[in-house]
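Beneath this line is the structure, given in structure tokens, with notes to follow.
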Amino acid sequence: METEIIDSRFLRPCEVEADEAEIRPVTMVIFGGSGDLSRRKLMPTLFHLHRKESLDGLTVIGFGRHNLDDEGFRSTMKEATNEFGGEPFDDAQWNDFSGRLYFLAGDYEDDAAYQRLRELIERVSIRAGDAFDVIYYMAVPPEVVSGIVEKIRQNRKDNGELREKIIVEKPFGRDRASASSLNMLLTTAFREEQIYRIDHYLGKETVQNILFLRFSNAIFEQLWSNRHIDHVQITVAEEIGIEHRGSFYEQAGVIRDMVQNHILQLIAMVAMEPPVGFQADFIRDERTKLLRSIRPLEKKYVDACMVRGQYGKGVIDNSDVRGYREEEGVSPASCIPTFFAGKFHIDNLRWAGVPFYVRTGKRLQRRVSEICIQLRQLPLRLFGRTCDTMEPNILVLTIQPDERISLRFNVQYPHTAGQVHSVDMTLNYRETFKTSPHPSYERQLLDCMKGDLTLFVRQEAVEAMWEIVDPINSRWEECAQEDLPNYAAGSWGPEAAKSLIEQDGRRWITQ
Numbered sequence: 010m011e012t013e014i015i016d017s018r019f020l021r022p023c024e025v026e027a028d029e030a031e032i033r034p035v036t037m038v039i040f041g042g043s044g045d046l047s048r049r050k051l052m053p054t055l056f057h058l059h060r061k062e063s064l065d066g067l068t069v070i071g072f073g074r075h076n077l078d079d080e081g082f083r084s085t086m087k088e089a090t091n092e093f094g095g096e097p098f099d100d101a102q103w104n105d106f107s108g109r110l111y112f113l114a115g116d117y118e119d120d121a122a123y124q125r126l127r128e129l130i131e132r133v134s135i136r137a138g139d140a141f142d143v144i145y146y147m148a149v150p151p152e153v154v155s156g157i158v159e160k161i162r163q164n165r166k167d168n169g170e171l172r173e174k175i176i177v178e179k180p181f182g183r184d185r186a187s188a189s190s191l192n193m194l195l196t197t198a199f200r201e202e203q204i205y206r207i208d209h210y211l212g213k214e215t216v217q218n219i220l221f222l223r224f225s226n227a228i229f230e231q232l233w234s235n236r237h238i239d240h241v242q243i244t245v246a247e248e249i250g251i252e253h254r255g256s257f258y259e260q261a262g263v264i265r266d267m268v269q270n271h272i273l274q275l276i277a278m279v280a281m282e283p284p285v286g287f288q289a290d291f292i293r294d295e296r297t298k299l300l301r302s303i304r305p306l307e308k309k310y311v312d313a314c315m316v317r318g319q320y321g322k323g324v325i326d327n328s329d330v331r332g333y334r335e336e337e338g339v340s341p342a343s344c345i346p347t348f349f350a351g352k353f354h355i356d357n358l359r360w361a362g363v364p365f366y367v368r369t370g371k372r373l374q375r376r377v378s379e380i381c382i383q384l385r386q387l388p389l390r391l392f393g394r395t396c397d398t399m400e401p402n403i404l405v406l407t408i409q410p411d412e413r414i415s416l417r418f419n420v421q422y423p424h425t426a427g428q429v430h431s432v433d434m435t436l437n438y439r440e441t442f443k444t445s446p447h448p449s450y451e452r453q454l455l456d457c458m459k460g461d462l463t464l465f466v467r468q469e470a471v472e473a474m475w476e477i478v479d480p481i482n483s484r485w486e487e488c489a490q491e492d493l494p495n496y497a498a499g500s501w502g503p504e505a506a507k508s509l510i511e512q513d514g515r516r517w518i519t520q
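Numbered per our numbering, the sequence shown finishes at 520, counting up by one with no gaps.
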């Protein structure tokens, strides 16, 4: 008797579907178009996308206070793209691209400038059907955004000629109240689905693949809970100091600059519950739910489990570097922290009892961003009492400088009588998929053009993140730390960060 073969979609192997989302002709208006973000990140990314995706319908308008004309803007952006693009520069392709670059000099508070902007959009843009698709990119200081948004709203014509989106850079406000006020202003000028709050860490391949690693591999998802995970560590370390951002950093500090956005988004990506589908709203729902599950911080807990630091003079790459208080735009008596280490808890069924240790800072020993997930040790002593401190199994997700995933496990060392040896099994994205480094922001700018909000932050999540960190800022602002600076540039931060994790019988994995 022959067995009947059942044809079911559940028994067929998955096929990788090509991304067929339409990219219509679009104009990107960059407020702060000649500024540092535009030079270092946006223009190299747009040029790369033009080369890679053949974005023949892309027009870029820089809007700023610098006295530039179109040719001056193109020349400035050519130099910047050549310097920061991270790939061989092609003059012929640049000449093809630069013909779509324009610059409008004007004051952000001048209504006439917005009227000239509208005229320029209609003159140089490529129409997408019955209207022009326009993306406003806020590459300006946070305090300027509100005024620009209000001017866009006031000077908008109600003739339906523009289909608009807006990209807003972090920080989204400086606390929950100001973030809520900014959102009220944004939503008077744009609908929520038109607002793209960008956190470039969510565009990193390794961060995106957290979801695929978990939900497409039974070996990991079945271990992804407090039953098998001992703790999670997140390290976002930078070798650089504050560079030219002294004035900004004096207002922001490490919490507003890194923890409120990048760090908490990484926690949410690692710890979120499975979404019901991979549509943008389903994923963003689960990230927000996770953020709301992080245990509220009381003053005593902040004092006991949160560490701040500020870098002093030191040596990096065999060169002497100055301390934070010697940086341009910084008060010589500043108590602004440039380093943070802390322990967070997530109060839900999956993560109860699993600490999340995080640390981030400027002028640390090396540039690295990693998520380390350490599994619980087996309660067996098959290898004798001398193996009580056997190396644990650790899943390491490296975000930068190289994007890779490593699994650390133990094997027997060859030709020994049971000697345990720890090894890493590693996936390197560049080596495996033969990809070249791509400019930061590429994925998210492309998603914005396509209308995909998955990798952008929703307002509820923004407010939830501020609710988590506001108590830290409040406590630190009312209790100034007197021993700053308390770590040397080129180190791994203050000794208190080491003690924070070692008092729990653990150690920092990333070194």
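Glycine included, C-beta positions come from ideal geometry on N, C-alpha and C.
Where does residue i sit, in a helix, a strand or coil, going by DSSP?
i    : result
C344 : coil
Q468 : helix
F349 : strand
D100 : helix
I135 : coil
D239 : strand
N192 : helix
E178 : strand
N495 : coil
T36  : strand
G108 : coil
I272 : helix
Y117 : coil
F519 : Note on residue identity: the sequence assigns Thr, not Phe, to residue 519. Correct three-state label for T519: coil.
A261 : helix
M458 : helix
F72  : strand
A506 : helix
M267 : helix
M474 : helix
Q453 : helix
D513 : coil
Q409 : strand
R172 : strand
V245 : strand
S187 : helix
What is the rounded straight-line gap between the Cα of residue i and the Cα of residue j?
i    : j    : result
C344 : V263 : 12 Å
T435 : T215 : 13 Å
A261 : P180 : 9 Å
M474 : V279 : 15 Å
F418 : L406 : 15 Å
R516 : K61  : 43 Å
Q468 : N192 : 7 Å
A137 : P34  : 6 Å
R484 : E504 : 21 Å
D461 : E491 : 47 Å
G427 : P388 : 18 Å
V177 : V268 : 18 Å
E201 : P284 : 21 Å
I144 : I175 : 6 Å
K459 : T196 : 21 Å
Y146 : D99  : 26 Å
I403 : Y422 : 19 Å
Y123 : D139 : 22 Å
P97  : P364 : 44 Å
S190 : A350 : 29 Å
Taking residue i as part of the beta strand (DSSP E), name the residues at either end of that continuous run.
i    : result
P364 : 364 to 370
M315 : 315 to 318
S378 : 377 to 384
G323 : 323 to 325
R206 : 204 to 207
Could you give the residue range of the alpha helix (DSSP H) that holds residue i?
i    : result
D79  : 79 to 93
T215 : 214 to 224
S302 : 289 to 302
F56  : 52 to 62
F442 : 438 to 442
In the DSSP assignment, what are the bridge partners of residue i?
i    : result
H430 : V420
T435 : S415
If we define contact as Cβ-Cβ less than 7 Å, is residue i a contact residue for chain C?
i    : result
Y123 : Here chain C cannot be found, since the structure has a single protein chain.
Handout entry: the region 366 to 375 in contact with the region 334 to 345 per 3-pair CB rule at 8 Å
Key = The way I'd put it, the region 366 to 375 doesn't touch the region 334 to 345; fewer than three beta-carbon pairs between them come closer than 8 Å.
Practice task
Indicate whether the contact test is met: 3 or more Cβ pairs, each with one atom in the region 103 to 116 and one in the region 66 to 73, closer than 8 Å.
Solution key: Verdict: yes, contact present.
Problem - Touch test, the region 322 to 329 against the region 224 to 237, Cβ-Cβ under 8 Å, three pairs minimum - result: No, the region 322 to 329 is not in contact with the region 224 to 237.
Problem - Three or more C-beta pairs below 8 Å linking the region 289 to 309 and the region 241 to 255 - result: Segment contact: the region 289 to 309 against the region 241 to 255, fewer than three CB-CB distances shorter than 8 Å; contact not assigned.
Problem - Given 8 Å, three or more beta-carbon pairs between the region 352 to 365 and the region 376 to 384 - result: Of all C-beta pairs linking the region 352 to 365 to the region 376 to 384, fewer than three are shorter than 8 Å, placing the two stretches out of contact.
Handout entry: Three or more C-beta pairs below 8 Å linking the region 79 to 90 and the region 124 to 142
Key = Flag = no, the region 79 to 90 and the region 124 to 142 do not touch.
Practice task
Taking 8 Å as the threshold, find out whether the region 46 to 54 comes into contact with the region 91 to 99 through three or more Cβ pairs.
Solution key: The region 46 to 54 vs the region 91 to 99: in contact.
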